Every structure is written in structure tokens, then in C-alpha cells.
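Trainee: In this note's numbering, the protein residues as written are 28 to 298.
Note that the Cβ used here is the ideal one computed from N, Cα and C, for glycine as well.
The model shown is predicted, which means the values in this text are computed figures rather than measured ones.
Encoded as C-alpha cells, here's the structure I'll be asking about.
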């Protein structure tokens, strides 16, 4: 698959024109070819000239022979500006399920904001039945307490715009901007779409979701975690972690004639 940049549409032009625009930009090397597959990977607005506003796209695509659309074609990239091999943006999952998980040692996640949600989702899909502890309430109860605060000024110190399911971003209109390039960003966006977000967040220059949609999205992710054996405890504030140490002597020689290994476990009190 190839990626091409700086494909221009005028406001009002349909995105269905993009294949035609790509072939036109390819010039002579595009003769006798058709765009067999394509998808938008970035959309931005060029408004530097207010009299000539443009929509600017980057598009991933494949080409085939016009005479035989089933026959895949190749393009020469040398000295061709704006055309490259599409980079592999697939997320390489670090957590995998190797045999039956040890259910007596379930991972514990503190907080059900964005990081906690996606950590829980990845671990649940790998079969590790995570236990997630969240200080605030589920998104429906949290919405009620937030709306009450906006109307009356009565603050619930344990469930508000800062604490609760989905984290602070759930009530900040879900802006999805970042300054880094990382395959995990695409993974997060794909999961948000899978959970109910509009697909255009995958390519908008400055995408946002909106609190109304986010409420449904976070519930969808929560329900998937639960369906895979995970558990989310709301109203559960973590104030301390108790470490239990079992120190065992080994006979191998190290500094000062011996070495020690520490096997540590943790205790989670019932909320």
C-alpha cells in the first residue's frame, strides 16, 4: 500500500473524488491504472488564503491494472515527492496470553481514566481478569453529580469532573490531540471507534468526540472488560498498598558470600 500527501479538494467536493485526484497527481505513471483500495489517513484545512480555502488529504491506496483490476500494480517511488510506502501503524501488543493465566495473581489497576481503561482492556483480552479500583462513580452516577454541581454548586468530592469512570477527559469534550507519533495512538483511536465513536476521528487534524458520545463509549469499554472476566469497583479509593515480603536465602556466592531474592505480593482490601 502507498501513501500520498497533498491531495487537494475544494470545500463542497466529495471525498469520492480522491481516487481521481490521486491518479491525476501520479501523472504519466498513473496511466492505465485504477485505484483499487483507498482510505483517508489525514484531513486538514488550509485557510491561509481566505479566498482560496482548501481541504488537504493524505491517503493510503493500492493500484491495479485498468485492463485487469484484479492484477495488483506497483509504482516507482524514486524522485516522486509526496508518495511513499504506507508505514505500518498496527499496534504490536506487548501482553499476550501464554497458557492459562494464574488467577490467584490478578493484576490490579488503580484508576479507571483513559490509562486504566486501556490497560484493563488489553489485560482482559489477554485473559488476566484485571481488578480495577476507581475512586469515583460509574459514568451515569457521575453525570448526575456533575450536573447537580453545575446547577447548585454542591460538590461531590469523590465523584465530579475529575474523578470517576472515563477520567477528566469525559467532561472536557473529548479532545484527541497529541504531539507525538506512536502506533499506540492509532490503537487507541481504533478502539474508540470500535466502542462507538465516529470513524472520522481516525483522520481529522484535530479530532474530538464530545461528552455525549464519550459516555456511551466508556460504558462500552467497561462492559467488554467485564464480559472477559474483569472487575471494576467504583467508589473504591486506594489510600495505601501493603507489601508482604518473603525473604529466602540462597547458597550461591555473591557479594559478601551470598545473595537474597525477594518474592513480593500485595494485598487489596475489599472496598
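Leaving out five residues on either side along the sequence, give the residues of the same chain with a beta carbon under 6 angstroms from the beta carbon of residue 32.
Mentor: Result list for residue 32: 85, 109, in chain order.
Trainee: So residue 139 and residue 192 are supposed to be a Cβ contact under 8 angstroms. How far apart are they, rounded?
Mentor: That belief holds up - the Cβ atoms of residue 139 and residue 192 are roughly 5 angstroms apart, short of 8 angstroms.
Trainee: Provide the residue span of the alpha helix (DSSP H) that contains residue 251, from first to last.
Mentor: Here the alpha helix (DSSP H) through residue 251 covers 238-254.
Trainee: Who are the near neighbours of residue 68 in its chain, counting only those whose CB is closer than 6 angstroms to its CB and skipping five residues on each side?
Mentor: Closer than 6 angstroms at the Cβ level, and outside the excluded window around residue 68, lie 85, 87, 230.
Trainee: Specify, as a first and last residue, the run of the beta strand (DSSP E) that residue 10 falls within.
Mentor: Not covered by the structure: residue 10. The range shown for the chain is 28 to 298.
Trainee: Which residue from 203, 209, 164, 179 puts its Cα closest to that of residue 189?
Mentor: When each option's Cα is compared against that of residue 189, the closest is 164.
Trainee: Beta-carbon separation of residue 112 and residue 260 under 9 angstroms?
Mentor: No, these two residues do not count as a Cβ contact at 9 angstroms.
Trainee: Taking the alpha-carbon positions, what's the residue 176 to residue 199 distance?
Mentor: Looking at the two C-alpha atoms, the distance is approximately 15 angstroms.
Trainee: Using the rule of at least 16 other Cβ atoms within 10 Å of the residue's Cβ for burial, across every protein chain shown, is residue 254 buried or exposed?
Mentor: Classification for residue 254: exposed.
Trainee: How is the beta strand (DSSP E) around residue 34 delimited, first residue to last?
Mentor: Run containing residue 34: 29-36, per the beta strand (DSSP E) assignment.
Trainee: What's the gap between the Cα of residue 101 and the Cα of residue 89?
Mentor: Looking at the two C-alpha atoms, the distance is approximately 8 angstroms.
Trainee: Return the first residue and the last residue of the beta strand (DSSP E) that residue 72 is part of.
Mentor: 60-73 is the span of the beta strand (DSSP E), which, as asked, contains residue 72.
Trainee: I'd like to check one pair, residue 246 with residue 167: are the Cβ atoms closer than 9 angstroms?
Mentor: Yes, they are a contact pair.
Trainee: Could you name the residues that DSSP lists as bridge partners for residue 91?
Mentor: BP columns for residue 91 point to 61, 99.
Trainee: For residue 44, name the three-state secondary structure that DSSP assigns.
Mentor: Note: residue 44 maps to helix in three-state DSSP.
Trainee: Using the three-state DSSP reduction, which class does residue 192 fall into: helix, strand or coil?
Mentor: It is coil, neither helix nor strand.
Trainee: In whole angstroms, give me the CA-to-CA distance for residue 156 and residue 50.
Mentor: So the two alpha carbons sit approximately 50 angstroms from each other.
Trainee: Let's test the definition: count the other Cβ atoms within 10 Å of the Cβ of residue 73 and tell me whether it reaches 16, buried, or not, exposed.
Mentor: Classification of residue 73: exposed, given that the 10 Å Cβ count is below 16.
Trainee: Just checking my contact of residue 91 with residue 59 at CB under 8 angstroms: how many whole Å lie between their CB atoms?
Mentor: The pair is not a contact, with the Cβ atoms about 10 angstroms apart (cut-off 8 angstroms).
Trainee: Between the C-alpha atoms of residue 43 and residue 258, what's the straight-line distance to the nearest angstrom?
Mentor: Going from the Cα of residue 43 to the Cα of residue 258 covers about 44 angstroms.
Trainee: Would you say residue 264 and residue 162 are within 9 angstroms of each other, going by their C-beta atoms?
Mentor: Yes, Cβ-Cβ distance for residue 264 and residue 162 is below 9 angstroms.
Trainee: My output table needs one value for residue 265: the three-state DSSP class, helix, strand or coil.
Mentor: If DSSP states are grouped into helix, strand and coil, residue 265 belongs with coil.
Trainee: Which full runs of the alpha helix (DSSP H) of 4+ residues lie inside the region 103-184, going along the chain?
Mentor: Those alpha helix (DSSP H) runs which fall completely within the region 103-184 and span 4+ residues are 141-152, 166-179.
Trainee: What whole-angstrom Cβ distance do residue 3 and residue 63 have, given they're in contact under 8 angstroms?
Mentor: One cannot answer for residue 3 here, as it falls past the ends of the chain, which runs 28 to 298.
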